[in-house]
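Step one of this worksheet: look at the structure below.
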Amino acid sequence: MKHKIMKNRTLKVARSLGWVAVSLAVLGTTAAQAQMTPISAFGWNADGVIQSPTVDPQSTLLPYSGPWAYYSTTAPGAPAGTGIALGTSFTSAYDGTTVFQFQPAGVGSPNVIGLQAQGSTTPSGSLFLASPKAYTELSLLGTTSVNGGLTYPTVTINYGNGAPSQSLSIPLPNWNSASTYGNVALNLGYYVAQEASAGYTFEGPFSNPFSLYQMNITPSDTTDPIESITIESSTYGGDNAEQFFALSGQAVPEPATFALAGLGALALVCGRRIARRRS
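Residue 11 is where the sequence shown starts when you use my numbering, and the numbers rise one by one after that.
Okay, here's the thing in structure tokens:
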């Protein structure tokens with residue numbers, strides 16, 4: 011009787027350990043697949059957010075009728091509850107899972123990829139990943155100033171190991187068209203900063219909020235590491251300008267995740283063998 015009890019206990023423990031390991035692996039993989047997180051990158055080329063009492067030299071990158079520009083939540087005189095909280099992260103309202111991270115505050119410090127229309131001095135920009143790795147999904151946070159419509163900048167994903175690059179166009183909505191497009195990641199309020207003779211003023215409230223949008227991109231290569239992405243302005247021309255504020259993604263699961271699942275399966279097999287030997 012004692013021998014039988016020990017055998018049953020051994021089998022139960024082995025099974026429990028096995029299923030715990032398998033469950034952890036599955037839960038870890040599921041959680042990883044469910045959320046895109048901020049990607050650390052460098053190459054931001056402009057200060058695209060007004061932060062000081064005077065207009066920052068590069069912050070008027072959205073020049074439609076003004077020029078108008080985005081502003082920081084801490085900009086003097088900013089209406090309460092509006093603007094961009096530089097240096098913070100937030101979860102996108104579009105899918106409820108993707109997390110974006112704004113670049114740090116600092117007047118004159120680059121915090122966006124700012125592009126003007128083709129033919130300008132900044133028709134393209136590149137973000138270089140601090141830790142290149144393979145990704146199953148990428149997401150850009152951005153907007154355009156084209157009046158009431160879309161632009162179609164070209165995004166090129168540059169892979170490592172000599173793998174060919176991937177290029178595609180993405181639809182980028184106007185910053186004041188949240189009621190028209192469904193991929194709004196963050197509403198920034200109903201005001202906008204407008205350059206004045208001395209500093210800037212806050213214009214508003216408008217009928218639609220000013221917004222940032224989430225653009226998802228599926229890499230064609232999920233084996234080779236992504237080293238950088240290049241964004242090229244569309245050829246709309248005129249007053250068109252485009253800004254990108256953050257990059258997030260879902261990395262291909264690390265081998266350790268799969269190893270944990272294998273460990274669980276091994277524990278189950280070992281448990282059965284031990285039980286047989288003791289029977």
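Glycine included, every Cβ here is placed at the ideal spot set by N, Cα and C.
What are the boundary residues of the beta strand (DSSP E) that includes M225? 221-227
Just grab the DSSP bridge partners of Y169 for me. I236
Quick one, which of P120, L137, V117, S217 has its alpha-carbon nearest L148's? L137
P183 in three-state terms, based on DSSP: strand
Can you list, in chain order, the residues of its chain with a C-beta nearer than 6 Å to that of Q43? Leave out the 5 residues immediately preceding and following it. Only weak support is given to the placement of Q43: the predicted model assigns it a pLDDT of 48, under 50, and the question is left unresolved by the model.
Can you find a CB in chain C that lies within less than 9 Å of the CB of V122? Protein chain content of the structure displayed is limited to a single chain, and chain C is not contained in it.
Do the region 189-204 and the region 115-124 make contact, defined as three or more Cβ pairs closer than 8 Å? no
Is the beta carbon of S243 within less than 8 Å of some heavy atom of the ligand PLP? Absent from the structure shown: the ligand PLP. Ligands present: none.
Can the beta-carbon of G135 be found closer than 9 Å to that of F254? yes
Using DSSP with H/G/I as helix, E/B as strand and the rest coil, what is P120? coil
Identity of the residues DSSP links to A56 by a beta bridge: V122
Going by DSSP, what residues sit across from Q253 in a beta bridge? G124, T153
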